[in-house]
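Position 111, counted from 1, in the sequence shown is what numbering that gives the first Met the number 0 calls 110; the numbers after and before it change by one each time, with no gaps.
Heads up: the structure comes next, in structure tokens.
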Amino acid sequence: MKCIINGRIVLEDKVLSGNAIIFDEKIRAIVPLEEVEQSKYEIIDAKGNLVAPGLVDIHIHGYLGEDASDGNADGLKKMAAGIAKNGVTSWCPTTMTIAKEELVKAFDVAREVKAEKECYGAKILGVHSEGPFINPSKKGAQPEEYILPPDGDFVLEHADIIKLITLAPEMEGAVKCIEKVYEDGRVLVSMGHSGASFDEANKGIAAGVRHATHLFNAMTGLLHRNPGVVGAALSDERVSCELIADTFHVNAGLYKLVAKAKGDKFCLITDCMRAGGMEDGEYTLGGQKVFKTGIQCLLEDGTIAGSVLKLNEAVRNLREHTELSLAEVFACASLNPAKAVGEADKIGSLEVGKCADIIICDDDINVFTTIIDGELLKM
Ligand SMILES: [Zn+2]
Numbered sequence: 000m001k002c003i004i005n006g007r008i009v010l011e012d013k014v015l016s017g018n019a020i021i022f023d024e025k026i027r028a029i030v031p032l033e034e035v036e037q038s039k040y041e042i043i044d045a046k047g048n049l050v051a052p053g054l055v056d057i058h059i060h061g062y063l064g065e066d067a068s069d070g071n072a073d074g075l076k077k078m079a080a081g082i083a084k085n086g087v088t089s090w091c092p093t094t095m096t097i098a099k100e101e102l103v104k105a106f107d108v109a110r111e112v113k114a115e116k117e118c119y120g121a122k123i124l125g126v127h128s129e130g131p132f133i134n135p136s137k138k139g140a141q142p143e144e145y146i147l148p149p150d151g152d153f154v155l156e157h158a159d160i161i162k163l164i165t166l167a168p169e170m171e172g173a174v175k176c177i178e179k180v181y182e183d184g185r186v187l188v189s190m191g192h193s194g195a196s197f198d199e200a201n202k203g204i205a206a207g208v209r210h211a212t213h214l215f216n217a218m219t220g221l222l223h224r225n226p227g228v229v230g231a232a233l234s235d236e237r238v239s240c241e242l243i244a245d246t247f248h249v250n251a252g253l254y255k256l257v258a259k260a261k262g263d264k265f266c267l268i269t270d271c272m273r274a275g276g277m278e279d280g281e282y283t284l285g286g287q288k289v290f291k292t293g294i295q296c297l298l299e300d301g302t303i304a305g306s307v308l309k310l311n312e313a314v315r316n317l318r319e320h321t322e323l324s325l326a327e328v329f330a331c332a333s334l335n336p337a338k339a340v341g342e343a344d345k346i347g348s349l350e351v352g353k354c355a356d357i358i359i360c361d362d363d364i365n366v367f368t369t370i371i372d373g374e375l376l377k378m
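See below:
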């Protein structure tokens with residue numbers, strides 16, 4: 000049994016000082032320090048730093064030169080180990096709109112790696128399939144030639160590994176597809192890469208859309224006479240929203256607005272691509288050339304092509320640009336996404352009985368220690 004002492008423990012609704020957190024693979028107790036018989040435990044001294052829930056990234060394509068769309072098991076493990084150093088303890092490897100057989104291969108490999116018991120890094124919750132049922136007019140950096148008409152049967156065939164799917168609700172056959180997937184209940188349907196009007200987006204929500212993919216990016220914007228997908232996603236309280244809080248994809252001045260509108264349905268994601276954690280230079284995304292300069296990744300034609308954001312940096316950015324409490328800011332990158340994908344009974348917060356997925360970081364959210372299912376990772 001392990002015990003973290005001298006930390007400020009970030010709980011769901013407050014930060015707790017003077018307490019210790021006791022865990023094996025699960026969190027067993029959070030108790031006043033003076034009640035802990037320290038000789039009984041393997042002691043981890045947090046030295047006054049924050050002890051926070053492990054972060055949950057439900058939209059991330061790549062890291063350290065690897066990409067979930069490659070369908071490479073070693074690549075997934077390298078990513079899992081890499082993002083764990085940024086405090087991520089659970090994730091959804093995210094596929095692009097690629098050829099169907101490639102997509103199925105990526106699903107198969109994710110399934111394989113997820114089933115492995117060995118602790119290599121952040122745990123795979125399931126795949127986020129971004130596409131292929133999207134609108135070519137809002138494809139962003141997704142290659143158009145692989146876009147397909149919505150097919151609920153395809154989603155359900157792979158529903159054991161798909162955790163969420165991004166689709167455009169206005170495409171022909173989309174409403175039927177959404178209804179089918181929603182009724183099945185295993186896969187979260189998200190609207191994104193969508194040119195839907197406000198009405199079309201609301202029809203999608205009525206059919207079972209419960210999430211919005213990288214809010215504001217690759218979707219119809221919020222105009223006062225034409226509120227678009229953004230208007231529908233912000234207005235309907237059943238819909239959780241992703242945000243790429245790298246200060247480049249969405250102006251940081253809007254973070255407060257999204258936080259106010261969405262509350263505990265506000266989910267920070269990275270949408271990181273393979274250049275994440277790498278030097279500036281030339282990379283690929285879905286077979287297209289991408290150029291990374293600082294926090295920006297662009298296709299040759301200037302289209303924004305995913306980010307190189309780390310989830311702990313997103314937490315830092317949200318903290319800097321909102322008045323949310325520390326507990327609320329962390330929840331946006333842990334409990335809220337865990338809730339969105341139906342995993343909050345196991346992960347997402349420091350609560351007795353949940354997995355011991357814990358990070359230790361400073362007030363600038365620099366992560367020093369990552370613990371997954373009670374195991375300390377080499378940093
Ligand atoms: Zn993406």
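Heads up, the beta-carbon is just placed ideally off N, CA and C, and yes, glycines get one too.
Is residue i a contact residue of ligand 1, with contact defined as CB to any heavy atom under 8 angstroms?
i	result
residue 305	yes
residue 292	no
residue 248	no
residue 143	no
residue 213	yes
residue 270	yes
residue 60	yes
residue 129	yes
Is there at least one non-hydrogen atom of ligand 2 closer than 8 angstroms to the beta-carbon of residue i?
i	result
residue 95	Only ligand 1 can be found as ligands here, which leaves ligand 2 out of the picture.
Smallest Cα separation from residue i: which of the options?
i	options	result
residue 288	301, 277 and 278	301
residue 48	91, 216 and 325	325
residue 180	263, 194, 8 and 205	205
residue 6	337, 368, 84 and 145	368
residue 258	283, 320 and 270	320
residue 151	126, 165, 20 and 177	177
residue 213	166, 13 and 12	166
residue 60	130, 13, 35 and 221	130
residue 237	262, 226, 136 and 62	262
residue 376	119, 228, 334 and 348	119
residue 190	256, 221 and 133	133
residue 233	284, 314 and 209	209
residue 286	295, 224 and 272	272
residue 128	136, 1, 113 and 91	91
residue 316	111, 349, 340 and 362	362
residue 99	115, 149, 196 and 297	149
residue 379	372, 339 and 312	No answer is possible for residue 379: it lies beyond the span of the chain, which begins at 0 and ends at 378.
residue 68	124, 13 and 108	108
residue 196	322, 223 and 290	223
Can you check whether the C-beta of residue i is within less than 9 angstroms of a C-beta belonging to chain D?
i	result
residue 321	Included in the structure is just one protein chain, with no chain D present.
Any 3 or more C-beta pairs closer than 8 angstroms across the region 322-335 and the region 92-109: no
Contact between the region 175-192 and the region 149-160 (3+ Cβ pairs under 8 angstroms): yes
Touching by the beta-carbon criterion (3+ pairs, under 8 angstroms), the region 24-41 and the region 237-247: no
Segment contact flag, the region 60-76 with the region 33-42, C-beta cutoff 8 angstroms, min 3 pairs: no
Meets three-Cβ-pair contact criterion under 8 angstroms: the region 205-224 and the region 133-145: yes
Meets three-Cβ-pair contact criterion under 8 angstroms: the region 357-368 and the region 44-60: yes
Sufficient close CB pairs (3 or more, under 8 angstroms) joining the region 192-201 to the region 252-266: no
Beta strand (DSSP E) runs wholly inside the region 224-276, at least 3 long, in chain order: Correct list: 239-243 and 265-268.
Residue ranges of each alpha helix (DSSP H) within the region 127-180, 4 or longer: 151-156
Meets three-Cβ-pair contact criterion under 8 angstroms: the region 81-99 and the region 275-287: Enough Cβ pairs lie closer than 8 angstroms, so yes.
Inter-stretch contact at 8 angstroms, needing at least 3 Cβ pairs: the region 306-316 / the region 91-99: no
Alpha helix (DSSP H) segments (min. 4 residues) lying fully within the region 287-321: 310-320
Runs of beta strand (DSSP E) wholly within the region 334-363 (minimum 3 residues, chain order): 357-360
The region 335-355 / the region 264-272 touching (three or more Cβ pairs under 8 angstroms): yes
Start-end ranges of the alpha helix (DSSP H) lying completely within the region 174-220, minimum 4 residues: 197-206
Every unbroken beta strand (DSSP E) inside the region 25-95 [3 residues or more]: Listed in chain order, they are 26-31, 41-44, 49-52, 54-59 and 87-94.
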